[in-house]
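Chemist: The structure follows.
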Amino acid sequence: MSKELTTRAADYSQWYNDLVIKGGLADYSAVRGCMVIKPYGYALWENMRDQLDKMFKETGHVNAYFPLFIPKSFLSKEAAHVEGFAKECAVVTHYRLMNDPNGKGIVVDPDAKLEEELIVRPTSETIIWNTYKDWIQSYRDLPLLINQWANVVRWEMRTRLFLRTAEFLWQEGHTAHATKEEAVEETEKMLDVYASFVEEYMAVPVIKGVKTANERFAGAEDTYCIEALMQDGKALQAGTSHFLGQNFAKAFDVQFLNKENKLEYVWATSWGVSTRLIGALIMAHSDDQGLVMPPKIAPLQVVIVPIYKGEESKAVIDEKANGIMKDLKTLGISVKYDNSDHARPGWKFAEYELKGVPVRIALGLRDIENNVVEVARRDTKEKVQLSITGISDAVKNILDDIQQNMYNRALAFRNENIRSANSWDEFVQLLDEKGGFVSAHWDGTGETEDKIKEQTKATIRCIPLGNPAEDGVCVLTGKPSKQRVLFARAY
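Under numbering that gives the first Met the number 0, read the sequence shown as residues 0 to 490, first letter to last.
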């Protein structure tokens, strides 16, 4: 099967598409720009979602659900917000269909025009803050810590499975606070939650930072982000957390009586990650043989493949395999025993390698007689003979080692691909020949940022948190600069 995959060196973009399609994660849809998430891909998203949901609830958040449709007038209440999303919105103008009087199928009923158009949710700040106005009257109602799991629509013309589709799945947190300090603390806390999840569960190292004014979320005062590096040297924004100040509270007149019985506008945050994380996982870890899944969120952690001839030997192997399965499940490990007879063991090996299953166990009659099994790791492709006695604990240790090894390997790659540039020529050369993150001085102006993007297609990914002060000059203009920022070409 791996022979059917495009290699990364030959065509990275096609390699990525091959893995998504042939690895069984997603498929193209009849609706332009949308995708079908297949069961294997959705199982991966469920594992990611469930872990994130647990982390949100551990930090005091609760889930709710808000409408898919947003009155058009709501978007116009916050000027920067509507400007940021206006070109991506899908609009509902009518509410009924009818048979074409000319017998040409179904048409929109012209008499069913909505009094006010509805926007299909591109993000939910406006509908949520209109609701919060009724929920918040006093400081006793704060903080309000709400998250929702939902789908959103942003009308994309150039789409790519998981990375950029017209409709995608995500979570969006929306919180309200009595003070600026509490809201900023919340924004930073949720960034830390995202970073912990991506590093500890996805095994992808990230850089935490703040976006420039040009790259900020529409309507935010500050946008915090986590940036990851893919194997082709391009960056990918893996999550964002926004300090919204009082912008949405003022736009929707959300005020509360403070402890001194005075009216104040509340302070707000919003934060989110999406199914784009699946794209990040694929591009950070996978190889020319297929997907490579981190054990902590893999849809399937272990597969057992029997090697047998005849029904008698199969019965003996089935019994032993079922015992191993029971022991693994007791340790909380997801495992499948593939004793189907539609394919030979070699085909199954290739199939599970393509799907990135972290550990494969091959079990034959001779193995049982010798009390051993062959265990193969997906990350290193190493195969070892292990005793069947205590195999469940041994596999658990291997899974832990795979998780750590995947992170270490991605971290080493990321660190090797952060380089400093001190002149324009060096900056362009690094982007063209090396890729990765380029640490360089910038004069702090949006105009210079735009010019650099126009000339190189590189953007400022972030100003890293805890960035050290350093006197220098901007790589483009030569004007004074007090710190370096991270540039990269990105998805």
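Just so you know, even glycine gets a beta-carbon here, dropped at the ideal spot from N, CA and C.
#1: Taking the alpha carbon of Asp-392 as the reference point, which residue from Lys-433, Ser-422, Gly-434 and Gly-331 has its own alpha carbon closest?
#2: Could you check whether the stretch 459 to 473 touches the stretch 196 to 210, counting it as contact only if at least three pairs of C-beta atoms, one from each stretch, sit closer than 8 Å?
#3: Given a cut-off of 7 Å on the beta-carbon distance, is the pair Asp-378 and Val-291 in contact?
#4: May I ask you to list the residues that DSSP assigns as paired with Gly-363?
#5: On a CA-only basis, which of Ala-165, Val-61 and Lys-380 is nearest Arg-275? Give me that one, please.
#6: Quick check on the burial criterion: 16 or more other C-beta atoms within 10 angstroms. Buried or exposed for Asp-108?
#7: Looking only at its own chain, which residues have a Cβ that is under 7 Å from the Cβ of Ala-219, when we skip the five neighbours before and after it?
#8: Just how far apart, CA to CA, sit Leu-429 and Ile-118?
#9: Across which residues does DSSP place Val-90 in a beta bridge pair?
#10: Is it true that the CB of Glu-185 sits closer than 7 Å to the CB of Thr-174?
#11: What do you reckon, are the CB atoms on Pro-204 and Pro-294 nearer than 7 Å?
#12: Would you list the one or two residues that DSSP bridges to Met-97?
#13: Go ahead and label Gly-238 buried or exposed: buried means 16 or more other beta carbons lie within 10 angstroms of its beta carbon, across all protein chains shown.
#14: I'd like the ranges of any alpha helix (DSSP H) spanning at least 4 consecutive residues and lying wholly in the stretch 315 to 370.
#15: To the nearest angstrom, how far is the alpha carbon of Lys-112 from that of Val-106?
#16: Return the chain-ordered list of same chain residues with a C-beta closer than 8 Å to the C-beta of Asp-399, the five sequence neighbours on each side being excluded.
#17: Threshold first: 3 residues or longer. Then list the beta strand (DSSP E) segments lying entirely within the stretch 226 to 304, N to C.
#18: Below 7 Å between beta carbons: does that hold for Ile-306 and Ala-361?
#19: Distance check for Gly-477 and Trp-423, CA to CA, integer angstroms please.
#20: What is the DSSP secondary structure of Met-189, counted as helix, strand or coil?
#21: Does the structure place the stretch 299 to 317 close enough to the stretch 335 to 351 that three or more beta carbon pairs sit under 8 Å?
#22: For His-93, count neighbouring Cβ atoms within 10 angstroms of its own Cβ and tell me buried if that reaches 16, exposed if not.
#23: Ends of the alpha helix (DSSP H) at His-440?
#24: Checking 7 Å against the spacing of the C-beta atoms, do Tyr-39 and Gly-23 come in under that value?
#25: Can you have a look at Asp-17 and say buried or exposed, based on whether 16 or more other CB atoms are within 10 angstroms of its CB?
#26: Assuming His-60 and Ile-145 are in contact, meaning their beta carbons sit under 8 Å apart, how far apart are those beta carbons, in whole angstroms?
#27: Quick check: what's the CA-CA separation for Ile-390 versus Ile-281?
#28: Determine the burial state of Trp-134: buried for a count of at least 16 other Cβ atoms within 10 Å of its Cβ, exposed for fewer.
#29: From Asp-26 to Pro-479, what does the alpha carbon distance come to, in whole angstroms?
#30: What does the alpha-carbon distance come out to for the pair Glu-124 and Leu-96?
#31: When you compare the CB positions of Asn-257 and Tyr-138, do they come within less than 7 Å of one another, or not?
#32: Would you please verify whether the beta carbon of Ala-9 is less than 7 Å from any beta carbon of chain C?
#33: Let me make sure I understand the geometry here. Which of Tyr-15, Leu-190 and Asn-416 has the alpha-carbon closest to that of Phe-55?
#34: Comparing C-alpha positions only, which one of Trp-266, Ile-20 and Asn-321 sits nearest to Val-35?
#35: Let me confirm a value: Phe-247 is counted as buried when at least 16 other C-beta atoms fall within 10 Å, else exposed. Which label applies?
#36: I'd like to confirm the pairing. Which residues does DSSP put opposite Val-61 in its beta bridges?
Modeler: Taking the geometry as given:
#1: For the purposes of this step, residue 392 is taken as residue 393 along the sequence shown, with counting starting at 1. Selected option, being the one with the closest Cα: Gly-331.
#2: yes
#3: Translated into positions along the sequence shown, residue 378 becomes position 379. Translated into positions along the sequence shown, residue 291 becomes position 292. Yes, Cβ-Cβ distance for Asp-378 and Val-291 is below 7 Å.
#4: In the sequence shown, residue 363 corresponds to position 364, counting from 1. DSSP lists Ile-306 as partners of Gly-363.
#5: By one-based count along the sequence shown, residue 275 stands at place 276. The residue with the shortest Cα to Cα distance from Arg-275 is Ala-165.
#6: The residue labelled residue 108 in the question sits at position 109 within the sequence shown. Exposed.
#7: In the sequence shown, counting from the first residue as 1, residue 219 sits at position 220. So the qualifying residues of the chain are His-241, Phe-242 and Leu-243.
#8: In the sequence shown, residue 429 corresponds to position 430, counting from 1. In the sequence shown, residue 118 corresponds to position 119, counting from 1. Cα-Cα distance, rounded: 43 Å.
#9: The residue you call residue 90 lines up with position 91 of the sequence shown. Val-90 pairs with Ile-118.
#10: In the sequence shown, the residue the question calls residue 174 occupies position 175. In the sequence shown, the residue the question calls residue 185 occupies position 186. Yes, Cβ-Cβ distance for Thr-174 and Glu-185 is below 7 Å.
#11: Within the sequence shown, numbered from 1, the residue matching residue 204 stands at position 205. Within the sequence shown, numbered from 1, the residue matching residue 294 stands at position 295. Going by C-beta atoms, Pro-204 is not nearer than 7 Å to Pro-294.
#12: Taking the first residue of the sequence shown as 1, we reach residue 97 at position 98. Val-106, per the DSSP bridge assignment.
#13: Residue 238 sits at position 239 when you count from the first residue of the sequence shown. By the 10 Å Cβ count, Gly-238 comes out buried.
#14: 344 to 353 and 364 to 368
#15: Here residue 112 corresponds to residue number 113 of the sequence shown, with the count starting at 1. Here residue 106 corresponds to residue number 107 of the sequence shown, with the count starting at 1. Whole-angstrom Cα-Cα distance: 13 Å.
#16: In the sequence shown, counting from the first residue as 1, residue 399 sits at position 400. Answer for Asp-399: Pro-294, listed in chain order.
#17: 234 to 244, 254 to 256, 262 to 264 and 266 to 273
#18: On the sequence shown, position 307 is the one that residue 306 refers to. On the sequence shown, position 362 is the one that residue 361 refers to. In contact: Ile-306 and Ala-361 (Cβ atoms closer than 7 Å).
#19: Sequence index remark: in the sequence shown, residue 423 carries index 424 (1-based). Sequence index remark: in the sequence shown, residue 477 carries index 478 (1-based). In a straight line, the C-alpha of Trp-423 is about 9 Å away from that of Gly-477.
#20: Taking the first residue of the sequence shown as position 1, residue 189 is located at position 190. Of the three classes helix, strand and coil, the one that applies to Met-189 here is helix, per DSSP.
#21: yes
#22: Walking along the sequence shown from the start, residue 93 turns up at place 94. Exposed is the call here.
#23: By one-based count along the sequence shown, residue 440 stands at place 441. First-last for His-440: 436 to 440, but that is the beta strand (DSSP E), not the alpha helix (DSSP H).
#24: On the sequence shown, position 40 is the one that residue 39 refers to. On the sequence shown, position 24 is the one that residue 23 refers to. Cβ distance < 7 Å, so Tyr-39 and Gly-23 count as in contact.
#25: Your numbering for residue 17 matches position 18 in the sequence shown. So Asp-17 counts as buried.
#26: Along the sequence shown, read from residue 1 onward, the residue named residue 60 stands at position 61. Along the sequence shown, read from residue 1 onward, the residue named residue 145 stands at position 146. Right, the Cβ-Cβ distance comes to about 7 Å (below 8 Å), so this counts as a contact.
#27: Along the sequence shown, one-based indexing puts residue 390 at 391. Along the sequence shown, one-based indexing puts residue 281 at 282. Ile-390 and Ile-281: Cα-Cα distance of roughly 29 Å.
#28: Here residue 134 corresponds to residue number 135 of the sequence shown, with the count starting at 1. It is exposed - the Cβ of Trp-134 has fewer than 16 other Cβ atoms within 10 Å.
#29: For the purposes of this step, residue 26 is taken as the residue at position 27 of the sequence shown. For the purposes of this step, residue 479 is taken as the residue at position 480 of the sequence shown. Going from the Cα of Asp-26 to the Cα of Pro-479 covers about 50 Å.
#30: Numbered from 1 along the sequence shown, position 125 holds the residue referred to as residue 124. Numbered from 1 along the sequence shown, position 97 holds the residue referred to as residue 96. Roughly 31 Å separates the two Cα atoms.
#31: Taking the sequence shown and counting its residues from 1, the one referred to as residue 257 is at position 258. Taking the sequence shown and counting its residues from 1, the one referred to as residue 138 is at position 139. The answer is yes: Cβ separation under 7 Å.
#32: Absence of chain C from the displayed structure is noted, only one protein chain being present.
#33: Walking along the sequence shown from the start, residue 55 turns up at place 56. Looking at the Cα atoms, Leu-190 is the closest of the given residues.
#34: Looking up residue 35 in the sequence shown gives position 36. Of Trp-266, Ile-20 and Asn-321, the residue nearest in Cα terms is Ile-20.
#35: Position 248 of the sequence shown, counted from the start, is the residue given in the question as residue 247. By the neighbour-count rule (16 or more Cβ atoms within 10 Å), Phe-247 is buried.
#36: Here the question's residue 61 lines up with position 62 in the sequence shown. Note: Val-61 sits in a beta bridge opposite Ile-145.
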